[in-house]
Each structure stands twice: as structure tokens, then as C-alpha cells.
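Just below is one structure, and these are the notes that go with it.
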Amino acid sequence: MRRGEKQSENSENYVPNDIPLPQRVAKKILIIFLLCYGTYGVYSGTLYLPLGRGEVTFQGNAVYFSFAALLLGALYLLIEIIDHYDKRNNEFSYKRIKGVIKGLAALILLFTIAISAALTQEL
2 MRRGEKQSEN
12 SENYVPNDIP
22 LPQRVAKKIL
32 IIFLLCYGTY
42 GVYSGTLYLP
52 LGRGEVTFQG
62 NAVYFSFAAL
72 LLGALYLLIE
82 IIDHYDKRNN
92 EFSYKRIKGV
102 IKGLAALILL
112 FTIAISAALT
122 QEL
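Position in the sequence shown (first residue = 1) + 1 = my numbering.
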């Protein structure tokens with residue numbers, strides 16, 4: 002055990018994560034979709050994101066920030082897949098990394114929406 006790591010009390014009863022094959026395939030397809038959609042948005046200069054109660058269209062420099070959020074989303078899914086193949090008892094590390102990525106992606110996306118709304122609002 003490395004310094005600073007927590008060891009589970011039930012390390013002998015540890016069961017690694019198991020993600021079924023259809024879910025892994027779906028996550029891989031979603032990763033490819035996010036990368037392709039974000040790349041298309043950067044190429045065209047416009048990125049449309051449907052949200053729960055509406056939609057947001059990013060243009061100009063906001064496209065790059067929203068693309069960064071999409072990249073972090075793809076990285077989040079990739080880490081879930083990697084965690085499936087990693088059989089070591091280090092779930093807390095993956096959970097912490099996924100939490101940081103999720104929070105950072107949300108902050109970037111909210112920041113981009115707020116700045117885009119402020120810049121497009123007529124005074």
C-alpha cells in the first residue's frame with residue numbers, strides 16, 4: 002500500500018467493477034460521438050447543445066470552451082471503461098478523478114453559457 006492511500010476494511014472481500022459488454026460498447030460509441038460532434042462544431046464555428054428546457058448555440062470562441070467540456074465528458078466515460086479493466090482495489094481513486102472531471106466540465110460549460118448569454122444580450 003502506498004503512502005496516503007486508504008485500504009478498504011473488506012479488502013479480502015473486494016469485488017472489482019464489472020460493466021456489461023453492451024454498456025461498454027454504448028460508452029465507446031458515445032465517446033466517439035462526443036469527439037466527432039465537438040470536432041464538427043469547432044470546424045463549423047457553431048456548436049448546438051440541446052438542454053433539458055431549451056437549447057444553447059455556441060459561436061465564436063465559446064465553441065472552444067464547450068468543446069473542452071465535451072472532451073472532459075469523453076474522458077469521464079473513458080475512465081469508467083478503464084476502471085472496468087483495472088481489477089485492483091483502488092475504486093476511491095477513480096471516484097475522485099471522475100468527480101474532479103465532472104465538476105470541471107460542469108464549471109466550464111456553465112461559465113461558457115453565462116458568458117455567451119451576457120455577450121449576446123442587447124443593452
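Idealized CB from N, CA, C, for every residue including glycine.
The alpha helix (DSSP H) with Q24 in it runs from where to where? 22 to 45
Between which residues of its own chain and L36 is the CB-CB distance below 8 Å, once the five residues before and five after are set aside? L71, L72, A75
Quick check on R55: does DSSP put it in helix, strand or coil? Note on residue identity: the sequence assigns Gly, not Arg, to residue 55. Strand, per DSSP.
Is there contact here, the stretch 52 to 67 with the stretch 113 to 121, by at least three beta-carbon pairs under 8 Å? yes
Taking the alpha-carbon of R97 as reference, which of Y86, K88, N14, E81 has the nearest alpha-carbon? E81
Measure from the alpha carbon of I33 to the alpha carbon of each residue in L78, G104, K99, then state which is nearest. L78
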